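Asker: Quick one: the structure is below, questions incoming.
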Amino acid sequence: MADRMAATKCQKRSFDDFSESTVTIVVGSERRPFYVHPSFLAEKSKYFKAMFAATWMGARAKACSLPDDDTDPDTFRRYCRWVYKDVVDITLAGSDDAQDKTGGARFEILFKLYILADQLGDTILRNATVDRIADVEKETAYRPGHDLINLAYEKTAGNNMLCKFLVDDALSGTEPES
1 MADRMAATKC QKRSFDDFSE STVTIVVGSE RRPFYVHPSF LAEKSKYFKA
51 MFAATWMGAR AKACSLPDDD TDPDTFRRYC RWVYKDVVDI TLAGSDDAQD
101 KTGGARFEIL FKLYILADQL GDTILRNATV DRIADVEKET AYRPGHDLIN
151 LAYEKTAGNN MLCKFLVDDA LSGTEPES
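Residue numbers (full-length UniProt numbering): 1 to 178.
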């Protein structure tokens, strides 16, 4: 019993210990493999923590997929950066940063990252993502478009931090009727 409980606890994150083997996370419709340390994933994500703790994983523990097959590999790559470095990466390829004057591309990255964090039960990333959305709004003086707002409501439960932020954001600057 004690051995089983010890096995279900996540290993402490350490960049000094390279003895932990990786698991393969298969992402997207093209089934792109990512090789990640399970203790790092389990520390951030309730989904992965439960997955790696479950005894039924057994031999399957070496390869698994995400709860949503539509997750694109770029979003999961950004999630892995968060898992290992605690960085919300919204950098764009090439000179796209300068061309993204309205923040549209960065908003899209952040919304997809929030949705993935929501699916994986990563509360800290959800909070950090909403903070970054607010930062991009301040930098650009633009707000997320209707397509992204619809995506947020379609892919999440609707009663979450992002959707509440979007409602507050939409109503900011309005005055109540007299």
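From the three backbone atoms N, C-alpha and C, an ideal C-beta is built for every residue, glycine too.
Quantities reported herein were computed from a predicted structural model and do not represent experimental measurements.
Once the 5 residues before and after proline 73 are set aside, which same chain residues still bring their CB inside 8 Å of it?
Answerer: Val27, Gly28, Glu30, Arg32 and Phe34.
Asker: Assign tyrosine 114 to one of three DSSP states: helix, strand, or coil.
Answerer: It is helical.
Asker: Within the same chain, show all residues whose beta-carbon is closer than 6 Å to that of arginine 4, passing over the 5 residues directly before and after it, in chain order.
Answerer: Low local confidence applies: a pLDDT of 33 at arginine 4 is under 50, so the model's placement there is unreliable, and no value is given.
Asker: Can you grab the Cα-Cα spacing for the pair threonine 91 / isoleucine 124, in whole Å?
Answerer: Between threonine 91 and isoleucine 124, the C-alpha separation is close to 20 Å.
Asker: Who does serine 21 pair with in a DSSP beta bridge?
Answerer: Bridge partners of serine 21: none, in fact.
Asker: Enumerate in chain order the residues of its own chain whose CB-to-CB distance from residue 255 is below 7 Å, with the five nearest sequence positions on each side excluded.
Answerer: Residue 255 is absent from the structure shown; the chain starts at 1 and stops at 178.
Asker: Asparagine 160: which of Lys85, Thr140 and Thr129 sits nearest, CA to CA?
Answerer: It is Thr129.
Asker: List in chain order: all unbroken alpha helix (DSSP H) runs of 4+ residues lying wholly within the UniProt domain "BTB" (21-92).
Answerer: Those alpha helix (DSSP H) runs which fall completely within the UniProt domain "BTB" (21-92) and span 4+ residues are 38-44, 46-53 and 73-85.
Asker: When the Cα atoms are used, what is the spatial distance from aspartate 64 to glutamate 154?
Answerer: According to the sequence provided, residue 64 is cysteine. The question's aspartate does not apply to it. Between cysteine 64 and glutamate 154, the C-alpha separation is close to 25 Å.
Asker: Between the Cα of alanine 105 and the Cα atoms of Val136, Asp86 and Tyr47, which residue gives the shortest distance?
Answerer: Checked all of Val136, Asp86 and Tyr47; the closest Cα to alanine 105 is Val136.
Asker: Check this for me: beta carbons of leucine 166 and alanine 157, under 8 Å apart or not?
Answerer: No.
Asker: What's the gap between the Cα of aspartate 147 and the Cα of serine 172?
Answerer: Rounded to whole angstroms, aspartate 147 to serine 172 spans 20 Å at the Cα level.
Asker: Could you give the first and the last residue of the continuous alpha helix (DSSP H) run that contains arginine 132?
Answerer: 123-140 is the span of the alpha helix (DSSP H), which, as asked, contains arginine 132.
Asker: Around the Cβ of threonine 22, are there at least 16 other Cβ atoms within 10 angstroms (buried) or fewer (exposed)?
Answerer: Under this definition threonine 22 is an exposed residue.
Asker: Which of the three DSSP states, helix, strand or coil, is assigned to alanine 105?
Answerer: Correct three-state label for alanine 105: helix.
Asker: On a CA-only basis, which of Arg126, Lys62, Gly103 and Glu108 is nearest valine 87? Give me that one, please.
Answerer: It is Arg126.
Asker: Using the C-alpha atoms, what's the distance from isoleucine 109 back to arginine 78?
Answerer: If you take the alpha carbons of arginine 78 and isoleucine 109, they lie about 9 Å apart.
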